[in-house]
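One line per chain: the protein sequences are A and B, in this order. The first sequence maps to residues 0 to 200 in numbering that gives the first Met the number 0. The second sequence maps to residues 0 to 200 in numbering that gives the first Met the number 0. Cβ atoms here follow ideal geometry from the backbone N, Cα and C, with glycine treated the same way. Working notes, structure below.
Protein chains: 2
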Amino acid sequence: MGKGEDTREAVLEQATRLASQVGLHGLTIGSLATRTRLSKSGLFAHFRSKESLQVQVLDHAAALFVDVVVRPALAAPRGEPRVRELFERWLGWCGSGQLPGGCVFIFATNEFDDEPGQVRDRLVRAQRDWMETIATVFRSGITEGQFRHDADPDQFANDLYGTILAYHHARRLLRDPQAERRARNALDRLLDAARAAPALT
Amino acid sequence: MGKGEDTREAVLEQATRLASQVGLHGLTIGSLATRTRLSKSGLFAHFRSKESLQVQVLDHAAALFVDVVVRPALAAPRGEPRVRELFERWLGWCGSGQLPGGCVFIFATNEFDDEPGQVRDRLVRAQRDWMETIATVFRSGITEGQFRHDADPDQFANDLYGTILAYHHARRLLRDPQAERRARNALDRLLDAARAAPALT
Numbered sequence: 000m001g002k003g004e005d006t007r008e009a010v011l012e013q014a015t016r017l018a019s020q021v022g023l024h025g026l027t028i029g030s031l032a033t034r035t036r037l038s039k040s041g042l043f044a045h046f047r048s049k050e051s052l053q054v055q056v057l058d059h060a061a062a063l064f065v066d067v068v069v070r071p072a073l074a075a076p077r078g079e080p081r082v083r084e085l086f087e088r089w090l091g092w093c094g095s096g097q098l099p100g101g102c103v104f105i106f107a108t109n110e111f112d113d114e115p116g117q118v119r120d121r122l123v124r125a126q127r128d129w130m131e132t133i134a135t136v137f138r139s140g141i142t143e144g145q146f147r148h149d150a151d152p153d154q155f156a157n158d159l160y161g162t163i164l165a166y167h168h169a170r171r172l173l174r175d176p177q178a179e180r181r182a183r184n185a186l187d188r189l190l191d192a193a194r195a196a197p198a199l200t
Numbered sequence: 000m001g002k003g004e005d006t007r008e009a010v011l012e013q014a015t016r017l018a019s020q021v022g023l024h025g026l027t028i029g030s031l032a033t034r035t036r037l038s039k040s041g042l043f044a045h046f047r048s049k050e051s052l053q054v055q056v057l058d059h060a061a062a063l064f065v066d067v068v069v070r071p072a073l074a075a076p077r078g079e080p081r082v083r084e085l086f087e088r089w090l091g092w093c094g095s096g097q098l099p100g101g102c103v104f105i106f107a108t109n110e111f112d113d114e115p116g117q118v119r120d121r122l123v124r125a126q127r128d129w130m131e132t133i134a135t136v137f138r139s140g141i142t143e144g145q146f147r148h149d150a151d152p153d154q155f156a157n158d159l160y161g162t163i164l165a166y167h168h169a170r171r172l173l174r175d176p177q178a179e180r181r182a183r184n185a186l187d188r189l190l191d192a193a194r195a196a197p198a199l200t
């Protein structure tokens, strides 16, 4: 990696942390210059435009998410253990683990849902990829005979995402000490509903 | 109502619509002046500061939410019919009914979860009130014998909020045509789990 690439990566790391707190709109070249002690003109040379910076922050966050959530989860045994590993790591991502202001994607969703363009397109791709990954992980539990064969993986992905969004709200806004317990209860209930009914003997 | 109060209400209505699209941070006195054709100095006279404007937008949105969601839901029969009425009206609120950019409270949550102050305090109060209202409505179903006596109303409120957040994401960001169906499926599953088990005879 060249020096320019190292700098770019270091700036993107700071930018992603900042975006988790102030959003992609709140992320200005000025605030990033202060934070990284680089000149505004140097930052412009790296990122060209605010929109390009925002897209690169989403790329950076997506790569980080794969490293700390997706890849380790896929190393767990198929089916329920993999779903649980994915969920625990995702809770950590939203809580405090990686980014000081919570999940960048959740914040960006509200900022860009009404705003067509490259940033919205990149975000939609990230979210669709993620929902498909959840559905695929869930499906491994059907194949393994742990979940009912007629369980709906896309519905499960939808409901698991809702569980995480409720957790993000309860923990980050309400600072509810029950947030984690409630999220785990919700997961247990989703898995109960998915689990194969005992054979009628 | 005096003329000043009429103007203030009309401006708050526009400000709330705008905040649903650009967030409370994106809501500037300048953009509001353009939209309402009032002078910036006139707007400053009404609202004093941006923070005061943001708090008043949340007050306005909370009053609107009571009018279009809470009050009509409370007119439905106690228990499950009331839960369903509340859910349907809440879906409408998030979808397209009232505000062009979706739910103001969901957007504001991400903007202010890391930002102490009057706006965050007002938002936390609105969200706590709402979670308690959901729990109270659910509890009426326990009292009526429709839901299990050991069902947890706060867990239900948490899970119902997650269902709505997943819907907001699927509909507004992903434009998923299945969003509404998935939300209703999730509600049905929550109610199945809450419903009193049939007596063992």
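Would you say residue i lies against chain B (beta-carbon separation less than 8 angstroms)?
{"i": "A/Leu17", "result": "no"}
{"i": "A/Gly22", "result": "yes"}
{"i": "A/Asp112", "result": "yes"}
{"i": "A/His148", "result": "no"}
{"i": "A/Arg194", "result": "no"}
{"i": "A/Leu172", "result": "yes"}
{"i": "A/Leu164", "result": "yes"}
{"i": "A/His45", "result": "no"}
{"i": "A/Ala75", "result": "no"}
{"i": "A/Gln145", "result": "no"}
What is the residue span of the alpha helix (DSSP H) that residue i lies within?
{"i": "A/Arg83", "result": "Glu79 to Gly94"}
{"i": "A/Ser38", "result": "Element bounds for A/Ser38: n/a, residue is neither H nor E."}
{"i": "A/Arg181", "result": "Ala178 to Ala193"}
{"i": "B/Thr27", "result": "Premise fails: B/Thr27 is in no alpha helix (DSSP H) and is neither H nor E."}
{"i": "B/Gln145", "result": "Careful: B/Gln145 lies outside any alpha helix (DSSP H) and carries neither H nor E."}
{"i": "B/His59", "result": "Lys49 to Phe64"}
{"i": "B/Phe70", "result": "The sequence as given places Arg at residue 70 of chain B; Phe does not occur at that position. It spans Arg70 to Leu73 - the alpha helix (DSSP H) in which B/Arg70 sits, taken as one unbroken run."}
{"i": "A/Glu110", "result": "Val103 to Phe111"}
{"i": "B/His167", "result": "Pro152 to His167"}
Looking at residue i: is its Cβ nearer than 8 angstroms to the Cβ of residue j?
{"i": "B/Ser105", "j": "A/Asn109", "result": "What sits at residue 105 of chain B in the sequence shown is Ile, not Ser. Going by C-beta atoms, B/Ile105 is nearer than 8 angstroms to A/Asn109."}
{"i": "A/Ala125", "j": "A/Thr162", "result": "no"}
{"i": "B/Tyr160", "j": "A/Ala165", "result": "yes"}
{"i": "B/Arg34", "j": "B/Leu17", "result": "yes"}
{"i": "B/Arg81", "j": "B/Ser139", "result": "yes"}
{"i": "A/Arg188", "j": "B/Ala193", "result": "no"}
{"i": "A/Arg149", "j": "B/Leu172", "result": "Residue 149 of chain A is actually Asp in this sequence, not Arg. It is not a contact, given that the beta carbons lie outside the stated cut-off."}
{"i": "A/Leu190", "j": "A/Glu87", "result": "no"}
{"i": "A/Val54", "j": "A/Arg121", "result": "yes"}
{"i": "A/Leu90", "j": "A/Glu179", "result": "yes"}
{"i": "B/Leu23", "j": "B/Ala74", "result": "no"}
{"i": "B/Gly94", "j": "B/Gln20", "result": "no"}
Verify the CB distance criterion: does residue i have a CB-CB separation below 8 angstroms to chain A?
{"i": "B/Asp58", "result": "no"}
{"i": "B/Arg181", "result": "yes"}
{"i": "B/Gly116", "result": "no"}
{"i": "B/Thr33", "result": "no"}
{"i": "B/Gly161", "result": "yes"}
{"i": "B/Asp158", "result": "yes"}
{"i": "B/Leu190", "result": "no"}
{"i": "B/Gln55", "result": "no"}
{"i": "B/Ala14", "result": "no"}
{"i": "B/Ala61", "result": "no"}
{"i": "B/Ala9", "result": "no"}
{"i": "B/Ala72", "result": "no"}
Starting from residue i, find everything on chain D with Cβ-Cβ shorter than 8 angstroms and list it in chain order.
{"i": "A/Gly25", "result": "Among the chains of the structure shown, chain D does not appear; the protein chains present are A and B."}
Using Cβ-Cβ distances below 9 angstroms, what residues of the segment 121 to 143 of chain B are close to chain A?
Correct list: Leu122, Val123, Gln126, Arg127 and Met130.
For the segment 84 to 108 of chain A, list every residue whose C-beta sits within 8 angstroms of some C-beta in chain B, in sequence order.
Within the segment 84 to 108 of chain A, the residues whose Cβ lies closer than 8 angstroms to some Cβ of chain B are Pro99, Gly100, Gly101, Ile105, Phe106 and Thr108, listed in chain order.
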